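Residue numbers (the numbering used here): 1 to 375.
Just so it is clear, CB atoms sit at the ideal spot from N, CA and C, and this is done for glycine as well.
This structure is a prediction, so every number in the text was calculated from the model and none was measured.
Heads up, the thing below is written out as C-alpha cells.
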Ligand SMILES: [Zn+2]
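Following this line, the structure appears as C-alpha cells:
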C-alpha cells in the first residue's frame, strides 16, 4: 500500500534520515516552539480514503490520506496540539501547545464518510471548502477527469504512470479554462479511449458531498466555506467571471445553510492582487492559499493566509504507519521555513516603504509575494 504514495524507497529513507538528523540536532524542537509562539498551522487536506477506495480513485496521491493515517494523525494531534476552530476569531496568545487548524478543499463525499467520524471522535473542529455548483456529482473536477481519461487510454496493463499524469495536469493548469476543456475533450474522444460512462461507474468513489450530507455535517458542527462556484482557477478567467465565482458561491452556501459564509479558499491556491481584492470586496472574513507553506500569524493579510498541504506522504514512515517524526519534518518544519520567508519578505517590504517615504511606515501587505508558485 505504501508504494502507492511513496515515489521511491530511497526518497522515503532519505526523508526519514534527514528528519532524524534534525530531531537529533534539536532543530525540529526549536522550529516547533517558534511556530507555536507565532501562530497556527492551517492544514489542507482533500480526501480521506479507505484502502479499497484508494484502489478505485482517479485522484492523485497528493490529494489523499488513508483513513487509518488520518485517525493516527488526529489521535496524536489531540494529545500534543491545540485544535483551532475557524468559525471563531483567532486567538493570538501563545499556547503551550502547537495550534493546528484542519481544513478540507473541494467537498468530497469521503469528507462526510471518512474524515468527519474521525474528527468527531477526537473532538477536532474541521472546515470544508465546497464548490456549491458541483455538489453530489461524480468526477466533478477536471484533474480527476483527466487522470481517469489517461487511465482509460493506458490499456497495456503496465499500471498508472502517476508522474506522467501529474505533469499533464500541471501543464493543463497553465492554460486558459476554455482551451483546457477543449484539450481534455479531445483526449476523451480519442480512438481507443473507453467511454466516460464506464469510468464513472468504476469511479463512484470520486463524488462530492450532496447538500443533504453538507447539511448533516453543518448540524454536527462542521464549518463550511466557499471554494468558488465551479472550481475554476481564478487567475485563468476574466475578472467578471472570477467575481461571479466568488460571490454566487457565497450566496448559495448562505441560502442553503442559513448562516453567514465567511471563509474562502482559492482553487489550486492561485491568487492575484485583483482576485484578492474581489474576495475581500465580496465580504469574506478570511481567505486561504495553498501553495507556499507558512504559518498563520497576527501579521498575515486576512485574505492571503498560508496553509500547508498534507497528503499521505507527509504523515507516514517507510512502513506506511503514521509517524510523528515525519509529520514534524514534512509539515511543522516546512511551515517554519515558510514563516522565515514570510518574515524576511515583511522586513524587505518595511525597508522599501521606509526608503520610499523617508519615514518608518506601516507595512502594507500586497500579497504579491504569496503568488510565487512552489518549486
Ligand atoms: Zn480545490
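Less than 8 Å separates the beta-carbon of residue 206 from that of residue 58. Taking every protein chain shown into account, the CB of residue 240 has fewer than 16 other CB atoms within 10 angstroms, so this residue is exposed. Not a single heavy atom of ligand 1 lies less than 7 Å from the C-beta of residue 61. For residue 331 and residue 210, the gap between their C-alpha atoms comes out near 31 Å.
Here residue 106 is buried. Its C-beta has 16 or more other C-beta atoms within 10 Å. Residues 315, 321 and 322 of the same chain have their beta carbon placed closer than 8 Å to that of residue 72, with the five preceding and five following residues left out of the count. Per DSSP, residue 206 is not a residue of any alpha helix (DSSP H), being assigned neither H nor E. The nearest non-hydrogen atom of ligand 1 is less than 7 Å from the C-beta of residue 227. One Cα belongs to residue 134, the other to residue 226, and the distance between them is close to 12 Å. For the set 289, 345 and 339, the Cα lying nearest the Cα of residue 37 is the one of 339.
Closer than 7 Å to some heavy atom of ligand 1: that does not describe the Cβ of residue 270.
Here the alpha carbons of residue 292 and residue 165 stand approximately 22 Å from one another.
DSSP places residue 82 in the uninterrupted beta strand (DSSP E) bounded by 81–83.
Ligand 1 has a heavy atom closer than 7 Å to the beta-carbon of residue 267.
Judged by their CB atoms, residue 311 and residue 62 are nearer to each other than the 8 Å cut-off. A heavy atom of ligand 1 is found nearer than 7 Å to the CB of residue 106. By alpha-carbon distance to residue 302, the top candidate from 326, 265 and 218 is 265. Look at residue 110 here: in three-state DSSP terms it is helix. Not a single heavy atom of ligand 1 lies less than 7 Å from the C-beta of residue 314.
Here residue 167 is exposed: its Cβ has fewer than 16 other Cβ atoms, across all protein chains shown, within 10 Å. Just measuring C-alpha positions, the residue of 183, 277 and 326 sitting nearest residue 13 is 326. Distances between the C-beta of residue 231 and the heavy atoms of ligand 1 include at least one below 7 Å. For residue 225, the enclosing beta strand (DSSP E) starts and ends at 223–226. Counting every other CB atom within 10 Å of its CB across the protein chains shown gives residue 185 a total below 16, marking it as exposed. For residue 26, no beta strand (DSSP E) run applies, since DSSP gives it neither H nor E. For residue 335, the closest alpha carbon among the candidates 317, 60, 347 and 296 is that of 296. Remark: C-beta atoms of residue 333 and residue 31 approach each other more closely than 8 Å. If the five residues before and after residue 97 are omitted, its C-beta is found closer than 8 Å to the C-beta atoms of 36, 80, 81 and 82, all from its own chain and listed in chain order.
Counting the other Cβ atoms within 10 Å of the Cβ of residue 70 gives 16 or more, which makes it buried. Under the DSSP definition of a beta bridge, residue 105 partners with 129. The C-beta distance from residue 249 to residue 132 rounds to 5 Å, short enough to fall under 8 Å.
Within the same chain, and ignoring the five residues on either side of residue 84 in sequence, the residues whose Cβ sits closer than 6 Å to its Cβ are 40, 99 and 101.
Between residue 181 and the set 145, 67, 214 and 93, the nearest pair of CA atoms involves 145. Across the structure, residue 174 and residue 128 are spaced so that their CA atoms are roughly 26 Å apart.
For the pair residue 18 and residue 309, the Cα-to-Cα distance works out to about 20 Å. Fully enclosed alpha helix (DSSP H) runs of no fewer than 4 residues occupy 51–56 and 67–80 of the region 48–100, in order along the chain.
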